[in-house]
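*Asks:* Okay, so the sequence shown: first residue is 1 according to full-length UniProt numbering, each after it adds one.
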Amino acid sequence: MVLDQDGSVFLLRSDNVEVGVHWTSPGGGIEPGESPVDGARRELWEETGWTDLVPGPLLCTWEHDFTWHGIPVRQHEHIFLTVGPRRGPLGDVSDVHATDGILGWRWWTAADLADERADAVWPPQLPALLAGVRAKGWPGDGSPGSLPPVEPVDLGYVPNGTGNSTDAARSTAAGQAREGTDV
Numbered sequence: 001m002v003l004d005q006d007g008s009v010f011l012l013r014s015d016n017v018e019v020g021v022h023w024t025s026p027g028g029g030i031e032p033g034e035s036p037v038d039g040a041r042r043e044l045w046e047e048t049g050w051t052d053l054v055p056g057p058l059l060c061t062w063e064h065d066f067t068w069h070g071i072p073v074r075q076h077e078h079i080f081l082t083v084g085p086r087r088g089p090l091g092d093v094s095d096v097h098a099t100d101g102i103l104g105w106r107w108w109t110a111a112d113l114a115d116e117r118a119d120a121v122w123p124p125q126l127p128a129l130l131a132g133v134r135a136k137g138w139p140g141d142g143s144p145g146s147l148p149p150v151e152p153v154d155l156g157y158v159p160n161g162t163g164n165s166t167d168a169a170r171s172t173a174a175g176q177a178r179e180g181t182d183v
């Protein structure tokens with residue numbers, strides 16, 4: 001989860017069958033042998049072209065179901081915080097965006113996240129999570145030593161809001177578990 005100096009958050013606009021069009025942080029699956037932090041750094045680079053940001057403290061963990069290239073997956077996510085300059089993706093990330101169903105990007109202020117007319121954000125608890133870290137002084141002056149500590153939150157399983165829990169359990173039983181990470 002990348003915050004700028006004003007506390008705005010960088011989100012990607014995505015589309016998938018389970019959630020529909022929604023906004024989420026850069027992230028994805030962890031490769032074999034990769035730690036969640038290393039996966040977060042790699043995914044941030046793949047989806048934004050940013051190589052200068054380092055994942056900071058863990059904001060939250062959560063689980064959700066989705067289909068990845070036709071395979072039902074229950075993904076366990078780790079979302080890390082970091083501070084970076086307000087900018088757009090660097091270089092050509094169009095192939096990755098096409099493969100991952102990424103439709104666009106933007107910076108969201110706290111007011112944008114609180115707007116009831118805004119598109120869905122994922123996880124749905126994101127506005128409250130970010131309000132909590134902003135209340136603790138995030139992003140500070142942006143330097144690693146100035147960042148206030150964050151108490152990670154476990155959101156548990158977050159249903160997609162489409163279908164019912166029986167459908168979600170059935171699709172996961174037929175699929176696989178997967179570790180994921182976001183920054």
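Backbone N, C-alpha and C define an ideal beta-carbon position, used for all residues, glycine too. Since this is a predicted model, take the numbers as computed values, not measurements.
Starting from Glu47 and walking both ways along the alpha helix (DSSP H), at which residues does that stretch end?
*Replies:* For Glu47, the uninterrupted alpha helix (DSSP H) segment begins and ends at 36 to 48.
*Asks:* Whole angstroms are fine: how far does the CA of Trp105 sit from the CA of Leu12?
*Replies:* Their backbone Cα atoms lie some 4 Å apart in a straight line.
*Asks:* Out of Val37, Ser8, Trp68, Thr48, which one is the CA nearest neighbour of Gly88?
*Replies:* Thr48
*Asks:* Can you tell me the Cα-Cα spacing of Asp38 and His78, whole angstroms?
*Replies:* Near 11 Å, if we compare the C-alpha coordinates of His78 and Asp38.
*Asks:* What residues in its chain sit with their C-beta under 8 Å from that of Leu59, if we drop five residues either side in the sequence?
*Replies:* Met1, Ile79, Phe80, Leu81, Leu129, Val133, Val150, Pro152, Val153
*Asks:* Assuming residue 194 is part of the alpha helix (DSSP H), what are its boundary residues?
*Replies:* The shown model of the chain, from 1 to 183, leaves out residue 194, and the question about it has no answer.
*Asks:* CB-CB under 7 Å to Gly137, same chain, minus the five flanking residues each way: which ones, in chain order?
*Replies:* Pro148
*Asks:* Tell me Asn16's beta-bridge partners as DSSP assigns them.
*Replies:* Gly20
*Asks:* Looking only at C-alpha atoms, which of Val21, Phe10, Pro26, Ala111 sits nearest to Asn160?
*Replies:* Val21
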